[in-house]
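J.:
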Amino acid sequence: MSTQQQEPETQEAPEDPEMKGTQSPQERRLEEKESGLTEDADSAGDLEGETVHLKVFRYDPEVEGKQEPRFDDFHVPFEKGMTVLDAVMYARDEYDSSLTFRHSCRQAVCGSDAFFVNGKQRLGCKTQIVELEQPVRIEPLPHQEVVKDLVVDMDHFYDQMHAVEPYFQDEETPAAADLEEQRQSPENREKIKMSSRCIWCGACMSSCNIAAGDNEYLGPAAINKAYKFAMDDRESEAIKEHRLRILEQEHGVWRCQTQFSCTEVCPKDIPLTEHIQELKREAVKKNLKFW
Amino acid sequence: MYEHDVIVVGAGGAGLRAAIAANEAGADTAIVSKLHPVRSHTGAAEGGINAALQEGDDWELHAYDTMKGSDYLGDAPAVETLAQDAREDTMRLEHWGMPFSREEDGRVSQRPFGGLSYPRTTYAGAETGHHLLHTMYEQVVKRGIQVYDEWYVMNLATSDEDDPNDRECHGVVAYDVQSGQIEGFKANNGVVLATGGPGQAFDHTTNAVSCTGDGHAMAYRAGAPLEDMEFIQFHPTSLPSTGVLISEGVRGEGGILFNNEGERFMFEYGYANNSGELASRDVVARAELTEVDEGRGVDDEYVHLDMRHLGEERILDRLENILHLAEDFEGVDGLVEPMPVKPGQHYAMGGIETDENGQTCINGLYAAGECACVSVHGGNRLGGNALPELIVFGKRAGRHAAGEDLGDPEIRTGYGDDVEDETETDLPVQPGAAGLERSGGVAADGGVAADAEGALERAVERERDRVDRLMNKDSGVQHAEIRSKLQQAMTDYVNVFRTEAGVKKALKIIRECREEYQDVYVDDPSTTFNTDLQQTYETRNLIDVAETIALGALVRNEFRGAHWRQENQIRDDENWLKHTLVSWDDGEPSIFYRPVILEGEEKTYEPKERSY
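Protein chains in written order, with UniProt numbering: chain L, 1 to 291; chain Z, 1 to 612.
1) So, at 8 Å on beta carbons, what are the nonlocal neighbours of A44 (chain Z) in its own chain, with the 5 sequence-adjacent residues on each side left out?
2) Under 7 Å between beta-carbons, which chain L residues line up against F529 (chain Z)? List them in chain order, please.
3) Quick check on the burial criterion: 16 or more other C-beta atoms within 10 angstroms. Buried or exposed for H309 (chain Z)?
4) Could you name each continuous alpha helix (DSSP H) segment of 4 residues or more that falls completely within the region 465-550 of chain Z, going from the start of the chain to the end?
5) So if DSSP puts S195 (chain L) in a beta bridge, which residue, or which two residues, is it bridged to?
6) Which residues does DSSP pair with I246 (chain Z) in a beta bridge?
7) 8 Å is my cut-off, CB to CB: does E92 (chain Z) come that close to chain L?
8) For the region 158-172 of chain L against the region 77-91 of chain Z, do three or more pairs of beta-carbon atoms, one drawn from each stretch, fall closer than 8 Å, so that the two count as touching?
9) So with CB distances below 9 Å, who are the chain Z contacts of W200 (chain L)?
10) Reducing DSSP to helix, strand and coil, say where residue 696 (chain Z) ends up.
11) What's the C-alpha gap between P142 (chain L) and H53 (chain L)?
12) In its own chain, which residues sit with a C-beta less than 8 Å from the C-beta of E500 (chain Z), not counting the 5 before and 5 after it?
13) Counting only Cβ pairs nearer than 7 Å, list the residues of chain Z close to E62 (chain L).
14) How do the region 255-265 of chain Z and the region 296-308 of chain Z stand: do at least 3 beta-carbon pairs fall below 8 Å, yes or no?
15) Taking C-beta pairs closer than 9 Å, name the residues in chain Z that V52 (chain L) reaches, listed in chain order.
16) Suppose the cutoff is 6 Å on Cβ atoms and the five residues either side in sequence are ignored; what does the same chain contact list for R251 (chain Z) look like?
17) Taking the CB atoms as reference points, tell me whether L319 (chain Z) and A83 (chain Z) lie closer together than 8 Å.
18) Since A222 (chain Z) and V140 (chain Z) are thought to touch, with beta carbons under 8 Å apart, how far apart are those beta carbons, to the nearest angstrom?
19) Mark Y95 (chain L) as exposed unless 16 or more other C-beta atoms lie within 10 angstroms of its C-beta, in which case mark it buried.
20) Per the contact definition of three or more C-beta pairs closer than 8 Å, is the region 188-198 of chain Z in contact with the region 503-510 of chain Z?
21) Start and end of the beta strand (DSSP E) containing Y123 (chain Z)?
22) P142 (chain L) touches chain Z at which residues, Cβ-Cβ below 7 Å?
23) Taking 8 Å as the CB-CB cut-off, is G13 (chain Z) touching chain L?
24) Let me make sure I understand the geometry here. Which of Z:E183, Z:P343 and Z:D160 has the alpha-carbon closest to that of W151 (chain Z)?
25) Considering only their Cβ atoms, is the gap separating P431 (chain Z) from L551 (chain Z) smaller than 8 Å?
26) Could you check the C-alpha separation between M98 (chain Z) and A51 (chain Z) for me, to the nearest Å?
27) Going by DSSP in three states, Q139 (chain Z) sits in which element: helix, strand or coil?
28) Identify which residue in Z:D519, Z:H579, Z:G56 and Z:V460 has its Cα closest to the Cα of G476 (chain Z).
29) Does DSSP classify I210 (chain L) as helix, strand or coil?
30) Hey, quick one: how far does the beta strand (DSSP E) through R70 (chain L) stretch, first residue to last?
31) How is residue 620 (chain Z) classed by DSSP in three states: helix, strand or coil?
32) Quick check: is the beta carbon of E88 (chain Z) nearer than 8 Å to any beta carbon in chain L?
33) Quick check: is the beta carbon of H162 (chain L) nearer than 8 Å to any beta carbon in chain Z?
34) Cα separation between R281 (chain L) and L244 (chain L)?
35) Skipping 5 residues on each side, what residues in its chain have a beta carbon closer than 6 Å to that of A433 (chain Z)?
36) Determine, for G124 (chain L), whether the minimum Cβ-Cβ distance to residues of chain Z falls below 8 Å.
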């Protein structure tokens, strides 16, 4: 089965992309904090001693009563610093052990727990409950097959990641004995830094209208992965050209319509749309044929 | 049934490295992991990789620092192998494209870390583990190595000769989490366990929810001893509310610890007059708890880690990730205020006893990474020494399992004529198997040596029966209740400061958990993605592993490295220059000791006072 179609993502760029490029993620974060862009930023502490109302999507293909998707209500006692992941873990451990979701590190590096929370793709572990309106509606990532409850099938996402030859390619690897590092400037390392932070959570892919309509579209995460290698000076020009050829194919970078939905939801603040745009420019510069 | 030459269980740093090495050695290799590889907890490692790369540094200094850090409980052949191979294996990662931080001349950056005589911690921002994990997964994809992801390995298929040294591991039994299908995986050459740490045995831990000691428990029940399990590292800087780790890199870059009176207590109270905040982790963790115990903690719970004086530019350049962690998980902005920190369970120095080729006493069974104890970390692991261990010993285990000759090991494994039996322990309760648990270590074959297929078939049948039993039971206790009780007991009584009475209390509670586990049931009736069932299995593993930690903590009546005992607060080299080994012995744990090896290739490491 597939989740219901969500509200169409905003078709406009949410803010001036040039502005975005000059701000560090930390600056953006601080700004958001100050301007109170979070849903309910000033309510911290208001929930002390209260319960949090969750509405959680449930589905199991083989269990009677769950074959038709439904929402279950859970009321979880609030604790300071509680995240969405903490809340669903509490609901599972205390109320219903069949409540199913992926999670592991609890600190936003394993990328297991991207959910659709109050209509937006977010990592459960780094989303504070106090920032959300109640009831908190928790659903599996849209545009992916639901396996059970909040678990979606990630195979297609992995296939796209694997399609961009996601591994370093150099002309020859030196013999083992006298290895010395390849030189790389700090500037070039900085250039690929943000792209290298991807945790494969799939939030971007799920938010992308193009990916929803074109199953073969590589999608923001895979293109970003290719960006990491294409921009790394340690790979040769010939390999970079090879990478651009993969990316400018029919279902590659030119599919992107610059809607910024991926950039908006990325929990690691990776400027995905910017990276895709840059690869388009690179492809044009290389005089590659484009669609 | 699936069949490969080498089966690697777990897909973190050690597992991926083992798989790459086995594949390069020509073996048909497969990885079986309960998580997709990129979800593994190696990705959370922040600090870096110790390797003597620069002019002026050399592997012998790295080995010396490691041995001193271990409080002379590391085995020299393992420590020297680590220090020698780390250089090449770190450079190998660079050639696989790992995005290390760089100096102006384009070389990889290295920084100071606690307990190191030279700044040799090679890093990639404060996200070194993330980059290491993804870089190696990329190489696995490149080589087309088969990955069975979200397959949970339930047990090993091991023959059941009386002496574990005669047993042979033929493969594993795993179940496909998505479908519930239970299958055998036959390993023609060897099984490499790379299942990570057992941090979930504790309530306050930096470890992932998935770090449940599965490999430890499976190897233990099959007859491979667990070594030095009492040595648990408590990281001095975890966030109080979640246990999320704040890297030692913060102190490496100059971060300072303060108590509630604004005193720099590491110096003020003489905990480490030379190294201060960069003393070894166990020293800093004890200092913090002493401050709290003596009323100088903030909110009676934690201390402050301040990095504001480093300046925004340096923090953003080298420690940006820390700002996000402090903000997202503690609501603190590290640029404008100090961060609250306290000790949290972080790392298990002990693990499945192996030699320097990664092999256990069971033929064909290997272990590498945190689940193994080779032993390089001894009583205390230095920051930046976990990641080189993964790549060095992951590689060696993979190559050896694939059939390469790495020379005869100097480290011995299993029960033998060089061990000493424990005879005096006064146990408060009988540890070990209860009721139905008694069977289930090895593939019983009625005394007839099983062939590989036979052992595997019996192992599969046994797990199918076990699942049926858990699923068909309609009421009883749920695993979450037992797990929570176990974790609380370990954090209350087997934490940084340990007493005989406390550890005995923990053993009693662990026994209660075992008894309660007899009545455990799985409420979720589904065969689709049944995490209830998986966690019920994991909880059993945690009970077995927690018990070995407590047993080790009870018998080792001395203060060495991370293990502190109230009754004897000195390092007792006369009696305790030896490893603690706990063996399952078909459900009745026995304890024995093996002398530590302090003789290196060219010199002997004489125990010295470990002061910083």
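Note that CB positions come from ideal geometry on N, CA and C, so glycine has one too.
The structure presented is a predicted model; accordingly, all values stated were derived computationally and were not measured.
T.: On the basis of the coordinates in this document:
1) The residue labelled residue 44 (chain Z) in the question sits at position 44 within the second sequence. Excluding residues within five positions, the ones whose Cβ falls inside 8 Å are G129, H130, T206, A208 and L245.
2) Locating residue 529 (chain Z) in the second sequence gives position 529, where the first residue counts as 1. At a C-beta separation below 7 Å, F529 (chain Z) has these neighbours in chain L: T100, V147, K148 and V151.
3) For the purposes of this step, residue 309 (chain Z) is taken as the residue at position 309 of the second sequence. So H309 (chain Z) counts as exposed.
4) 479-493 and 500-517
5) Your numbering for residue 195 (chain L) matches position 195 in the first sequence. Its beta-bridge partners do not exist; DSSP assigns none.
6) Numbered from its first residue, the second sequence carries residue 246 (chain Z) at position 246. Note: I246 (chain Z) sits in no beta bridge, so no partner.
7) Numbered from 1 along the second sequence, position 92 holds the residue referred to as residue 92 (chain Z). Note that residue 92 (chain Z) corresponds to Arg in the displayed sequence, not to Glu. At least one chain L Cβ lies under 8 Å of R92 (chain Z).
8) no
9) Locating residue 200 (chain L) in the first sequence gives position 200, counting from the first residue. Neighbours of W200 (chain L) on chain Z, chain order: H36, V38, R39 and H134.
10) Any property of residue 696 (chain Z) remains undetermined from this structure, which presents chain Z solely from 1 to 612.
11) Reading the first sequence from its first residue, position 142 is the one you call residue 142 (chain L). Reading the first sequence from its first residue, position 53 is the one you call residue 53 (chain L). Straight-line Cα distance between these residues: approximately 22 Å.
12) On the second sequence, residue 500 (chain Z) is found 500 positions in, with the first residue counted as 1. Answer for E500 (chain Z): L554, N557, R565, Q566 and E567, listed in chain order.
13) The residue labelled residue 62 (chain L) in the question sits at position 62 within the first sequence. By Cβ distance, chain Z contributes S526, T527 and T528.
14) yes
15) Taking the first residue of the first sequence as position 1, residue 52 (chain L) is located at position 52. Ordered by position in chain Z, no residue passes the 9 Å Cβ test against V52 (chain L), which lies about 16 Å from the chain.
16) The count along the second sequence starts at 1 and reaches residue 251 (chain Z) at position 251. E277 and L278, listed in sequence order.
17) Along the second sequence, one-based indexing puts residue 319 (chain Z) at 319. Along the second sequence, one-based indexing puts residue 83 (chain Z) at 83. No, these two residues do not count as a Cβ contact at 8 Å.
18) Translated into positions along the second sequence, residue 222 (chain Z) becomes position 222. Translated into positions along the second sequence, residue 140 (chain Z) becomes position 140. Not confirmed; about 27 Å, so no contact.
19) For the purposes of this step, residue 95 (chain L) is taken as the residue at position 95 of the first sequence. Looking at its Cβ environment, which holds fewer than 16 other Cβ atoms inside 10 Å, Y95 (chain L) is exposed.
20) no
21) In the second sequence, residue 123 (chain Z) corresponds to position 123, counting from 1. Segment: none, Y123 (chain Z) is in no beta strand (DSSP E) and carries neither H nor E.
22) Numbered from 1 along the first sequence, position 142 holds the residue referred to as residue 142 (chain L). Near P142 (chain L) there are no residues of chain Z at all, since even the closest Cβ is about 19 Å away, more than 7 Å.
23) By one-based count along the second sequence, residue 13 (chain Z) stands at place 13. So, not an interface residue.
24) One-based indexing of the second sequence puts residue 151 (chain Z) at position 151. Answer by Cα proximity: Z:E183.
25) Here residue 551 (chain Z) is taken as the residue at index 551 of the second sequence, counted from 1. Here residue 431 (chain Z) is taken as the residue at index 431 of the second sequence, counted from 1. Yes, these two residues count as a Cβ contact at 8 Å.
26) Taking the first residue of the second sequence as 1, we reach residue 98 (chain Z) at position 98. Taking the first residue of the second sequence as 1, we reach residue 51 (chain Z) at position 51. If I take the Cα positions, the gap works out to 15 Å.
27) On the second sequence, position 139 is the one that residue 139 (chain Z) refers to. DSSP places Q139 (chain Z) in helix when its eight states are reduced to three.
28) Locating residue 476 (chain Z) in the second sequence gives position 476, counting from the first residue. Check the Cα spacing between G476 (chain Z) and each of Z:D519, Z:H579, Z:G56 and Z:V460: the tightest is with Z:D519.
29) Along the first sequence, one-based indexing puts residue 210 (chain L) at 210. Looking at I210 (chain L) - three-state DSSP - the assignment turns out to be helix.
30) Translated into positions along the first sequence, residue 70 (chain L) becomes position 70. Counting along the chain, the beta strand (DSSP E) containing R70 (chain L) begins and ends at R70 to P77.
31) Shown here, chain Z extends from 1 to 612; a query on residue 620 (chain Z) therefore has no answer.
32) Taking the second sequence and counting its residues from 1, one reaches residue 88 (chain Z) at position 88. So, interface residue.
33) Here residue 162 (chain L) refers to the residue found at position 162 when the first sequence is read from its first residue. Yes, H162 (chain L) counts as interfacial toward chain Z.
34) Position 281 of the first sequence, counted from the first residue, corresponds to residue 281 (chain L). Position 244 of the first sequence, counted from the first residue, corresponds to residue 244 (chain L). C-alpha separation (whole angstroms): 10 Å.
35) Working through the second sequence from its first residue, we reach residue 433 (chain Z) at position 433. G587.
36) The sequence position of residue 124 (chain L) within the first sequence is 124, counting from 1. So, not an interface residue.
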